[in-house]
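Sequential numbering from 1 applies to the sequence shown in the UniProt record's numbering.
Here's the structure we're looking at; comments come further down.
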Amino acid sequence: MNGPCIGTEFALPAWYGKLPGAGDFVGRRMPGQLARTWERWLAQGMASARAGLDVRAPVWRFAIPAGSGDGWVQLGCVAPSHDRVGRRYPLVVSQAIAPSAHAGYGSPGEPALACVDARIRAMDAIVQDAIRRAHGPEEFDLALAEGLRDGASRGPGEGARDGAHEATAADGGWPNLWEYFDPNGMTSFWWTDAGDGAPRTDVHTGGLDTALFQRLFGEPGSGER
Numbered sequence: 001m002n003g004p005c006i007g008t009e010f011a012l013p014a015w016y017g018k019l020p021g022a023g024d025f026v027g028r029r030m031p032g033q034l035a036r037t038w039e040r041w042l043a044q045g046m047a048s049a050r051a052g053l054d055v056r057a058p059v060w061r062f063a064i065p066a067g068s069g070d071g072w073v074q075l076g077c078v079a080p081s082h083d084r085v086g087r088r089y090p091l092v093v094s095q096a097i098a099p100s101a102h103a104g105y106g107s108p109g110e111p112a113l114a115c116v117d118a119r120i121r122a123m124d125a126i127v128q129d130a131i132r133r134a135h136g137p138e139e140f141d142l143a144l145a146e147g148l149r150d151g152a153s154r155g156p157g158e159g160a161r162d163g164a165h166e167a168t169a170a171d172g173g174w175p176n177l178w179e180y181f182d183p184n185g186m187t188s189f190w191w192t193d194a195g196d197g198a199p200r201t202d203v204h205t206g207g208l209d210t211a212l213f214q215r216l217f218g219e220p221g222s223g224e225r
């Protein structure tokens with residue numbers, strides 16, 4: 001591995017949800033308690049969505065602290081998706097990291113944090129590509145393995161695969177995020193590209209709930225600016 005990720009090793013992230021190339025719920029590597037938390041949030045969010053999942057909603061990237069992430073810092077993204085027969089349901093990709101490991105990444109601007117930004121950016125691009133190409137679970141897992149090995153080694157400003165929007169936490173709406181993100185806290189940060197050149201962001205304190213789901217995947221424009 002080269003670029004900003006020298007000396008920074010990650011396991012493959014966990015993921016769960018629906019893929020266009022699969023007939024039902026699929027997932028890999030999601031630890032038991034995290035799996036239950038994500039399943040509960042997504043199911044309750046879908047049940048609360050009067051008009052169902054808005055397929056026009058963007059992919060949302062996130063940084064979730066251990067205080068609201070079942071003891072793990074979680075970095076990744078969640079996207080509107082569907083299964084083979086068109087039943088809508090999100091797809092989440094989450095890199096679960098011990099808070100002590102996140103605290104050891106160094107100061108803002110140092111290589112390891114640049115690697116974190118690059119890895120989240122690569123996850124976003126891989127998820128969009130998988131939905132567009134109707135990947136099944138094996139194809140998606142292989143894409144994660146290959147894309148994160150290659151894409152997460154790019155420095156900020158270098159191209160993302162398949163022309164996906166390039167962004168770090170800073171230019172995605174949270175300047176200097178890693179200066180104030182508390183890995184042991186209760187406040188999670190969410191960001192995306194609104195598609196009109198203006199980033200959309202959301203900040204949430206506490207566990208994942210239906211209010212957050214509605215802000216992310218409800219009516220267009222419901223996130224903060």
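Idealized CB from N, CA, C, for every residue including glycine.
Small disclaimer: the values here were computed from a predicted structure and weren't measured.
Item, Value
"V116 beta carbon near the ligand SAH (any heavy atom closer than 6 Å)", "In the structure shown, the ligand SAH is absent, as is every other ligand, since no ligand is present at all."
"Burial state of G159, where buried means 16 or more other Cβ atoms lie within 10 Å", "In this predicted model, G159 has a pLDDT of only 39, less than 50, meaning its place in the structure is not dependable; the value taken from the coordinates is given anyway. Answer is exposed; the Cβ neighbour count stays below 16."
"Three-state secondary structure assigned by DSSP to D193", "strand"
"Separation of Q44 from A66, as counted between CA atoms", "21 Å"
"Runs of beta strand (DSSP E) wholly within the region 51-125 (minimum 3 residues, chain order)", "60-64, 73-82 and 88-97"
"Collapsed DSSP secondary structure at A47 in the structure displayed", "helix"
"Sufficient close CB pairs (3 or more, under 8 Å) joining the region 81-101 to the region 19-31", "yes"
"Straight-line Cα distance separating R121 from E139", "19 Å"
"Identity of the residue in Y16, G76 and F189 nearest F10 by Cα", "G76"
"Cβ-Cβ distance between V59 and V127 below 7 Å", "yes"
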